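Right, one structure below, let's go through it.
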Amino acid sequence: MKIFVRAFAYSLTACSLTICGLAAAPSAFAQQTVLPLWPHATPEPAQTTDPERDVTTDKDALIDGRRTERLTNVTSPTITVYPPSGVKNTGAAALVFPGGGYARLAWNGEGTDTCDWLNSIGMTCLLVKYRVPEKGRYPDNPADLEDAQQAMRLARAHASDWHIDPVRIGVVGFSAGAHLAVTLGAHWDDTHVESTPAAADVDTKIDARPNFSLVIYPAYVATPPALTEIDPALVPVAKTPPTFLLQAEDDGVHVENSLIYYRALKEAKVPVEMHLYSTGGHGFGVRPPGKPEEHWTILATIWLRSLGVIPSLASRHGPDRPSTGVPTPTPCPTPTVPQPPRAGNPDPKSTSPNTNTNTSANPNTSPATQTAQPYPNCW
């Protein structure tokens, strides 16, 4: 197994945060649309009758100088649409699953902050408020997967209304939300919900499979206590979407979750890129100032471009465009070593920026091509 591990730092003279990472300021989140996942009744009865509330306390850790909202008692799950504002809409979108141990949701630190980033690169953010608290998780408790499936089906059903491309909708998940992303990537076609009171709200003709998956510091993937094998319920299949993995080695939730999942994806011949860091802990979201993974969203943006999910920089910032004051990335010359299309690219004719490729498990790439990096400083 070949794994590329490093603490990442980019020079912003090559790529501005506005272009490849977080926007300098939060988006306005104009014209939000909120839809219930289950307008008539949830598939299973609610596990609490208490009202939804924020359970954040002064003892909770600060992230980027603030405490994230922690929502619990979510019994009426929803999907909230955050369209990009002030930048060109690329048509791509992602469901966002905040973490919280299936007991609560880190609503802004891993939710609306993620929408800021996705909006800044021209993507629509579809923030999912799934049911919590829930006892157990898939397959013992199907509630989490049912909410994720329904959110994806609603996204595709409303693709025209929300100005998104139904074949460029993925997922971004953190911690327990990353576990949910992994679950959806293996069981998007699970039919349990069709035998519940919510069956009438489900359009089974709409595919619930994500087109890509960003799995950030996942939980519950490796089987305890040894943490040497993947949870049998999460084993990826051939159609599991291309995956971006990221975690810190000192994560108390265990970096083995990423390591084991990487191995499983590789064995299933699913394209995967993984980035590990020596420090950073758990729950840092998209804004971990002063941490080695501070600019991980830049890495993720480049990966999305390499898949063809969002346009390459060359097509959007060519020399014929007027200057915006943002440094123009240097385009890569044609490599001397042939570069075959990456597995998982929805458009085999598109070309990928020659970024760091030796983390990708691509069985169709020759060893010579995997190691060739003739132009490491271009984009």
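Numbered per mature numbering (1 follows the signal peptide of the UniProt record, and there is no 0), the sequence shown spans residues -30 to -1, 1 to 349.
We put the CB at the ideal spot given by N, CA and C, even for glycine.
Computed from a predicted structure; not experimentally measured.
- Secondary structure at E80: helix, using DSSP grouped into helix, strand and coil.
- For A118, the enclosing alpha helix (DSSP H) has its first and last residue at 113 to 127.
- Following the DSSP letters along the chain, one finds G140 inside the beta strand (DSSP E) bounded by residues 139 to 144.
- For E104, there is no enclosing beta strand (DSSP E), as DSSP marks it with neither H nor E.
- In terms of Cα proximity to D201, the closest of A218, F182, D173, A234 is A234.
- Nearest Cα to G140 within the set M122, K209, A129, L150: M122.
- In this structure, Y72 and A146 form a Cβ contact; the two beta carbons are roughly 5 Å apart against a cut-off of 8 Å.
- I200 is bridged by DSSP to A192.
- The beta carbons of L215 and Y232 sit about 6 Å from each other, so the pair counts as a contact at 8 Å.
- Taking all protein chains in view, the Cβ of V66 is crowded by 16 or more other Cβ atoms within 10 Å, so the residue is classified as buried.
- Our two residues, R275 and T18, have alpha carbons roughly 42 Å apart in a direct line.
- Within the model, the alpha-carbon separation for W8 versus V137 is close to 23 Å.
- The C-beta of P194 has fewer than 16 other C-beta atoms within 10 Å across all chains shown, which makes the residue exposed.
- The straight-line gap separating the alpha-carbon atoms of Y187 and M244 is approximately 11 Å.
- Boundaries of the alpha helix (DSSP H) around Y231: 226 to 237.
- Beyond the five residues adjoining it in sequence on each side, G255 comes within less than 8 Å, by CB distance, of I33, D34, T38, A76, G79, E80, D83, T84, F144 in the same chain, given in chain order.
- Unbroken alpha helix (DSSP H) stretches of 4 residues or longer found wholly inside the stretch 241 to 282: 266 to 277, given in chain order.
- Segment contact: the stretch 213 to 228 against the stretch 261 to 281, three or more CB-CB distances shorter than 8 Å; contact assigned.
- The stretch 89 to 97 and the stretch 56 to 66 touch, with three or more beta-carbon pairs separated by less than 8 Å.
- In the three-state scheme derived from DSSP, where H, G and I count as helix and E and B as strand, L216 is classed as strand.
- In this structure, DSSP gives T26 a state outside helix and strand, which the three-state scheme calls coil.
- Per the coordinates, the alpha-carbon of V44 lies some 16 Å from the alpha-carbon of Q120.
- Per the coordinates, the alpha-carbon of D177 lies some 32 Å from the alpha-carbon of R257.
- Between the C-alpha atoms of H133 and V51 there is a straight-line separation of about 11 Å.
- Distances from the CA of R74 to each of T48, E104, L97, T60 were compared; the closest alpha carbon is that of E104.
- Linking I49 to L5 through their CA atoms gives a straight-line distance of about 5 Å.
- Collapsing the DSSP output to three states places L7 in coil.
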